[in-house]
């Protein structure tokens, strides 16, 4: 049973517009959430994170929003650039577990 | 800065063969994990370790063994390879329990025929 889900396998966005990637989780014990970016033939790399005590975290063009009551988080990329084209994974961790659980991934394509 | 190093990068096995995927990190991280990436399934946790001598099962541990004799190394063993184990395998390390990012190796693409 997938504890972290990304229901959109793919997303296509025009350059300069906003990209919104969504993630849902089922385990209410998760306290910390991360987004990773993955290019083909490379390992995932860390992008941005958020603690459960916050509802928003920004880093340049990237903003993560957390809605704990809905068990939902989203990653906003503004403005989107062609170099953002990659697979994005959300991940979750909790105080009561040593596991870092990843979602199914969303492939983002940013076209000119 | 080596970070997390995985070997080999590619491997083809016959059904029933055994092999070990190597993973080494030079960041003195306590936590290390193995994931597999499959289409539509994302990254699934196989086994993880929170320190030398301590390992535990992840989401999909069957068919795999691990050990952690040193902080630096975390090998993944396939005792009897099956076609269902065809996948891309990633090793990751992180500093501690929470609020720390994971660093990944470049992956091992394994095909079992």
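Protein chains in written order, with our numbering: chain G, 1 to 112; chain W, 1001 to 1113. Ideal Cβ placement from N, Cα and C applies to all residues, glycine included.
- Linking residue 52 of chain G to residue 92 of chain G through their CA atoms gives a straight-line distance of about 10 Å.
- The DSSP-derived three-state label of residue 1056 of chain W is strand.
- In the DSSP assignment, no residue is bridged to residue 1074 of chain W.
- Assigned with DSSP and collapsed to three states, residue 1105 of chain W falls in coil, not helix or strand.
- DSSP, read as helix, strand or coil, puts residue 1085 of chain W in helix.
- When the alpha-carbon of residue 98 of chain G is set against those of W:1026, W:1054 and W:1087, the nearest one is in W:1054.
- Using a CB distance cut-off of 8 Å, residue 24 of chain G does not count as an interface residue toward chain W.
- The Cβ neighbour count for residue 1010 of chain W, taken over all protein chains shown within 10 Å, is under 16; the residue is labelled exposed.
- Taking the C-beta atoms as reference points, residue 1063 of chain W is found no nearer than 8 Å to residue 1090 of chain W.
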